[in-house]
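In the numbering used here, the protein residues as written are 1138 to 1419.
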Ligand SMILES: C[S@@+](CC[C@H](N)C(=O)[O-])C[C@H]1O[C@@H](n2cnc3c(N)ncnc32)[C@H](O)[C@@H]1O
């Protein structure tokens, strides 16, 4: 296991309770931003709505086989099984604790016959090639140290004509000045994100991997209430987090995580970061 992946595991282990308290993951099971629109103006509804928007973008239909790459605690996989008939989902995650929680949720929702969760690296799953109609990566691709490895594995796993659907943060451009780079580094570091690519660079990687019909949709406006929620929480809790850190009651990693919440918003306001849905076909 790479050092980076160990850091990602540690990050999600140590911040699990923050996600429960501040994001409400026990209610909606989603570790991602909400998609806010006229019909979904509240946090929980918008978080769930993101699943609906991605499923529609990827054109997931009855009977499809889906890989949820970086499945968190299973929210999307369970949503797909409950909302699209006869869909089969395999969720992979390197975090053992999250996989155990995902399995509990699958049992509670009685979808175990159509949803399976496994501990695996999404860039090296060990699954058979040409198996999936859709590879789904909701705010997980950003954790790939090498985005090209992630894309190569997704391509290998997809059936011909299969779709890759991603929702994630990107940079608006490559030529960042030193101050801008510092903002992006601080946004990424606390959340254990190794690097974030520009839309242009990522499009290039997709085409080089062999993907076609590459489409990007900027949904920054739809996720802004989530982004602002994280920012406000960081303003409120960073001072308290620091005090608890100095008192030895919170780790450095947990404290840095709060700071990232501030910098992701600053990056967005400065026009450096955007949130896109990307869909591409094998
Ligand atoms: C922000 S969470 C999103 C989880 C889920 N997609 C959701 O929307 O609720 C990112 C997830 O990606 C997982 N992850 C990060 N790197 C991974 C890797 N190399 N292989 C598999 N999962 C990974 C993390 O453990 C975490 O569960």
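Where is the CB? At the ideal position from N, CA and C, for every residue including glycine.
Going by Cα to Cα distance, which pick from the options is closest to residue i?
i            : options                   : result
residue 1350 : 1358, 1410, 1276 and 1341 : 1341
residue 1200 : 1335, 1222 and 1175       : 1222
residue 1358 : 1273, 1166, 1217 and 1306 : 1306
residue 1251 : 1177, 1242 and 1227       : 1227
residue 1405 : 1345, 1338 and 1321       : 1321
residue 1157 : 1238, 1288 and 1292       : 1238
residue 1426 : 1207, 1303, 1263 and 1369 : Within the shown structure, residues of the chain are numbered from 1138 to 1419, placing residue 1426 beyond reach of any answer.
residue 1168 : 1294, 1275 and 1403       : 1275
residue 1401 : 1149, 1354 and 1327       : 1327
residue 1225 : 1213, 1178, 1266 and 1315 : 1213
residue 1277 : 1236, 1313, 1162 and 1330 : 1330
residue 1217 : 1262, 1386, 1149 and 1166 : 1166
residue 1267 : 1311, 1290 and 1210       : 1290
Closer than 7 Å to a non-hydrogen atom of ligand 1 - does that hold for the CB of residue i?
i            : result
residue 1263 : no
residue 1142 : yes
residue 1253 : no
residue 1230 : yes
residue 1212 : yes
residue 1420 : Since the displayed the chain opens at 1138 and closes at 1419, residue 1420 lies outside it and no answer follows.
residue 1280 : yes
residue 1145 : yes
residue 1260 : yes
Comparing the C-beta of residue i with each C-beta of chain D, is any distance below 8 Å?
i            : result
residue 1180 : Protein chain content of the structure displayed is limited to a single chain, and chain D is not contained in it.
Under 8 Å by Cβ, that's how I've got residue i and residue j pegged, so tell me the actual separation to the nearest angstrom.
i            : j            : result
residue 1269 : residue 1295 : 6 Å
residue 1360 : residue 1170 : 4 Å
residue 1271 : residue 1197 : 6 Å
residue 1190 : residue 1280 : Their Cβ separation, rounded to whole angstroms, is 21 Å, which puts residue 1190 and residue 1280 out of contact at 8 Å.
residue 1243 : residue 1254 : 7 Å
residue 1378 : residue 1366 : Rounded, the Cβ-Cβ distance is 17 Å, inconsistent with contact.
residue 1151 : residue 1390 : 5 Å
residue 1236 : residue 1256 : 5 Å
**Item:** Contained beta strand (DSSP E) runs [length at least 3] in the stretch 1309-1365, N- to C-terminal order
**Value:** Scanning the stretch 1309-1365 for uninterrupted beta strand (DSSP E) segments of 3 residues or longer gives 1349-1355, listed from N- to C-terminal end.
**Prompt:** Do the stretch 1390-1401 and the stretch 1332-1341 touch if we need at least three Cβ pairs shorter than 8 Å?
**Reply:** no
**Message:** I want to know whether the stretch 1289-1302 touches the stretch 1408-1417 - three or more CB-CB distances under 8 Å.
**Reply:** yes
**Prompt:** Can you give, in chain order, each stretch of the alpha helix (DSSP H) that sits fully within the stretch 1149-1178 and has at least 4 residues?
**Reply:** 1162-1165
**Request:** Specify whether the stretch 1311-1330 and the stretch 1178-1197 touch according to this definition: at least 3 beta carbon pairs, one from each stretch, less than 8 Å apart.
**Result:** no
**Asked** What alpha helix (DSSP H) runs, 4 residues minimum, are completely inside the stretch 1255-1307?
**Response** 1284-1294
**Prompt:** Which runs of the beta strand (DSSP E) spanning at least 3 residues fall entirely within the stretch 1172-1258, listed in chain order?
**Reply:** 1202-1206, 1225-1230 and 1252-1256
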